[in-house]
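One structure below.
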Amino acid sequence: MKPWLKLCGKGARFCWECVFSFALWSLWLVLALLLAAQAAIALSHELSVPDFLLRALEQRLAASHVHVSFGRATFDPTGSIHVENIRVSLAGQPEPVARARAAFIELDPWSLAVGAFEPRRLHATGVSLSVPAMLSASGRSEEIISDLDADCVPHSKEFLINHLTARVAGIPVTVRGAIYLKPSTGGRDAPLPIAEYLSKNYADLCRRLIRGASRLSVLENPSVQAQLVASETRGAIATLTIRTSALTLADPVALHATGITATTRIPLMGDRPTLAPVQLQVETLEAAGVEVQRLRAQVRGALNPADLSFSVYSADLTAARVASRGFELAHPVLRLGTRTLPQVTTDLSGLFFGLPVSLRGRADLKAQNAALRFDGPISPDILTQVGVILGGRDVRRWVDFGQPVQLNGAAVTFRDGWKFGGLTGHIIAHDINAYGVHIDFARGAIALDSGHFLASHAKAVLGENYATGSFEQDFATRRFRFLLDGQLRPLAISGWFHDWWPDFFGNFQFPRIPDASVDVSGWWGWGYRTTVFVFADTTDPVIRGAKFDHARTLLYIRPNFIDGLELYATHGTGDIRGTFTRTIDIDSGDWAGMDFALNSSIDPAVSVPIFGAAASERLAPFHFENSPLLKVSGHFDGPAAAGGEHQRVAIEARSTGAFALHGFPLRNVGFDALVEDDTLTLNRIEGSFADGALSGRARVWGRDKERRIGFTGALKDGNLARAVTVLQQYSAQRKGLPPPTANKFLQDRATVKIDLSASAEGGFDDMLSFKGDGNALLSGPGLGEVQLLGLLSELLNFTSLRFTSARADFTIDGDRLDFPKVTITGANSAIEAHGTYSLDRQSLDFKARVYPFQESKFFLQNLLGTVLTPLSAALEVKLTGQIDKPAWSFVIGPTNVLRNLFQSTPPENSTGPLRKSPDPTR
């Protein structure tokens, strides 16, 4: 190795040893100094703040436009500053805006080593902030924040708040989190970020605090928790949690709530509105008569930092229970749209009176009105509360439901002040009690308001009945109206009426349900004002015991009268058509009168009972073999009539076949009759009696044993034998005797005709009490066989004396017929007779003269008759005994024969017309 290299190596080693020794001794010196300093610090509790540190702090605060004064400041041996009685002023503010009892500042030792003031941690206690006088409503500086205690850590870009508690306007506030700070670019003399932030934004912060404090003044025992997240644009986004024991508001709606917790996110800085969702929990809430329990809400809206106003856009709410005026909704879920507060939109579901419903609509919270739509089942219990709303009315008395009602497409409105406005919708209901009428099923459209109910397009099923129509009800006046159309038994709706309805329709039986239309209107509670129109069409009805094949009617019914606008019925090949009106006394319930008019081709025995017992009784005497053509009209006064019971019935009848009036037989009768109480007047009678043509009039009057009958009649071409037989049978029938035996006198007299005119009056049940008169004409070839003269008749027949006609005038005198003159003529002979006939004993008492050839046209016979005239006078005979076997004797004995032979006069000519009898019916 070269020497110079060795020399260089030794020199280098020497230098290194020198440097190392210097460094080692310097280190020991520093350590000794530090040990001495630490010993001094350890022996001392506080040190004066170094001047350079105070100057650095003052420069930084001055750059931030903040002036700080304090009573005492000490330097902690650990590098921290402890300051007491701090007062902070802002540029342009003569009075301190902040005061602090003490502050602890932990500095960065490395920055401190180079003379820089870089706080690493801040802790302040007893801090208060005041609102400058120019921002205060009183014009004086007012404390807005008190009892502030904070522990903060400043960083280059954010200010971390580990803990902050204070009272803002008396409200406890707790804050944690970080605030974004714009990085400083000014070196050591750059302003402190937090101080600069406060100096620039203090006025704005005060305004917000003032507005916030005013908003929170309505809260009772409130508290606020804030969690800050740094934001480059808004400084920080604060998650606020506000708790209060109670809240009271008067506007926009009166409200009181308890147990409130609200959580929201709002920006700390900035003037632009921002979305601020709110989560709300309320234990109880009362607003506008609505009670809510355990409310939970998610509210979406916008916060305007300029005035701290909050615009609600929508809200989702749940609750355990919502109740208002007796209505209860359990477990509701509600979505509110509130962009146009106080008007809100709603979408609600829940359990309404225990049943699920859904509801949508809008409401004005300030005006307290709403319009809602919902679907779902409705509990019948809602009717109780509807009645309360309507002024305590018992709605369930008018209508009630045994099962929940399905309501679809319903719309509900509430007027200002949450007054019930109305309800519309489509209803499906079962088991309905409609004012005493049970309805199995019903559906239709309904409309309900505070004073009116309408059910339209309705269908109802009542057992085997069904109907479509409508119903409306005015709650204030109780006026109602039913319109029903379908198949309905009237008694099925008796509950809607008083007793007069079942009393009337109880007279109807319908084997098949009638097709019916009903229009009922009136006032509940005032049955006498009810008006009913009924149209019914049915087959096989039974009306008051009268059976018909088919019936149709249109009735106008009031509680005090029933007006049959149309009555039509058929029976067999006949029909009946007419009208009637029946009046009823409301007080007594009895009927007062009835008017009716009808045309009928039905047997009256079938049709008349529909007009009641009175009509049946008055028309009972009329009996027809075949159904007559009838026109019947009349008026009945019933038990409730002012003048008592009276009847007046006019009858026009035309019939074929047999007819009987009070048992008196006729045929092919036509008559006009008038029934007035106990009087029956037949103004016109036309018919057939004993094969002859009968015409006349009759009158029956009186009661019971005093009942009488008068008649005027004429019979033409009647059969004598048949006429007498009928009269005998009728008399026996009226007396209750068996039919008489065949009369020998009437045998084989079918060829004898009778023309009779008679007028008489007598007791109705006593054929032997009549008094009157009449005349008769008998004709026919069989007249000569009449055995009036006993053996003399045989002599006359033997001598070919032929009698073909007989004329007689007679007087009816009880049980006797007086014949003042009877003339019997034939082709060549004549008989004159006079006498009486006993109707009771059927015996004769006659005197007769025979003129053998008086009527002959032949000259010789006529001459012979003239010669024999005295002999006729002498041979006058007396007839006595029974008509079928009379006894006879000569009136003049043998001693007087010659004297009387020449005193006889020929009979008067009896060929004139029948004499008209007086009329006892007038």
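Residue numbers for the sequence shown, in my numbering: 340 to 1261.
Just so it is clear, CB atoms sit at the ideal spot from N, CA and C, and this is done for glycine as well.
- Around the beta carbon of Pro850, fewer than 16 other beta carbons lie within 10 angstroms, which makes this residue exposed.
- Going by beta carbons, Asp1016 and Gly1041 fall outside the 8 Å limit.
- For Met608, the three-state secondary structure derived from DSSP is coil.
- About 6 Å separates the beta carbons of Asn501 and Val492, which is inside the 8 Å limit, making them a contact pair.
- In the three-state scheme derived from DSSP, where H, G and I count as helix and E and B as strand, Asp813 is classed as strand.
- By the C-beta density criterion, Ser795 is exposed, having fewer than 16 other C-beta atoms within 10 angstroms.
- Ser946 places its beta carbon 8 Å or farther from that of Ser955.
- Distance from the CA of Phe666 to the CA of Ile605, rounded to the nearest whole angstrom, comes to 38 Å.
- As computed with DSSP, Leu1183 is found in a beta bridge with Tyr1176 and Gly1220.
- Per the C-alpha coordinates, the member of Gly1153, Arg897, Ile1163 and Ile925 positioned closest to Pro1120 is Ile1163.
- Under the DSSP assignment, Phe1158 falls in the beta strand (DSSP E) whose first and last residues are Arg1155 to Gly1165.
- Gly1153 sits away from Ser1182, with the two beta carbons spaced by 8 Å or more.
- In the three-state scheme derived from DSSP, where H, G and I count as helix and E and B as strand, Leu544 is classed as helix.
- Distance from the CA atom of Glu905 to the CA atom of Ile896, rounded to whole angstroms, is 12 Å.
- The beta carbons of Ala1115 and Ile1151 sit about 12 Å from each other, so the pair does not count as a contact at 8 Å.
- Sixteen is the threshold: since fewer than 16 other Cβ atoms of the shown chains lie within 10 Å of the Cβ of Asp879, the residue is exposed.
- A residue is called buried when at least 16 other Cβ atoms come within 10 angstroms of its Cβ; Asn804 meets this threshold and is buried.
- Here Leu787 is not near Ala831, since their CB atoms are 8 Å or more apart.
- Annotation: the region 1042-1117 contains the following complete segments of the beta strand (DSSP E) (minimum length 3 residues), in chain order: 1047-1058 and 1092-1102.
- Residue burial is scored here from C-beta neighbours: Gln812 has at least 16 other C-beta atoms within 10 angstroms and is therefore classed as buried.
- Between Ala1097 and Gly1052, the beta carbon gap of about 6 Å places them in contact (Cβ cut-off 8 Å).
- Judged by DSSP secondary structure, Val1014 falls within the beta strand (DSSP E) whose first and last residues are Phe1003 to Glu1015.
- Taking the Cβ atoms as the reference, Leu429 lies roughly 6 Å from Val405, within the contact range of under 8 Å.
- Counting only the Cα atoms, Gly764 lies some 57 Å from Ile990.
- Runs of the alpha helix (DSSP H) spanning 4 or more residues and lying entirely within the region 862-944 do not occur at all.
- By DSSP's assignment, Ile767 forms a beta bridge with Gln745 and Arg782.
- Taking the CA atoms as reference points, Thr657 sits about 7 Å from His670.
- By the neighbour-count definition (other C-beta atoms within 10 Å, threshold 16), Leu588 is an exposed residue.
- About 5 Å separates the CB atoms of Arg438 and Ser467; that is less than 8 Å, so the two are in contact.
- With contact defined as three or more Cβ pairs closer than 8 Å, the region 589-600 and the region 563-573 are not in contact.
- Between Asp1179 and Leu1066, the alpha-carbon positions lie close to 13 Å from each other.
- Secondary structure at Phe666: strand, using DSSP grouped into helix, strand and coil.
- By the Cβ test, the region 633-649 is in contact with the region 595-612, since at least three Cβ pairs between them sit closer than 8 Å.
- Separation of the CB atoms of Phe740 and Pro719 is rounded to 4 Å, and the pair is thereby assigned contact status at 8 Å.
- In this structure, Ile581 places its C-beta atom within 8 Å of the C-beta atom of Val563.
- Leu822 is a Cβ neighbour of Gly808, given a cutoff of 8 Å.
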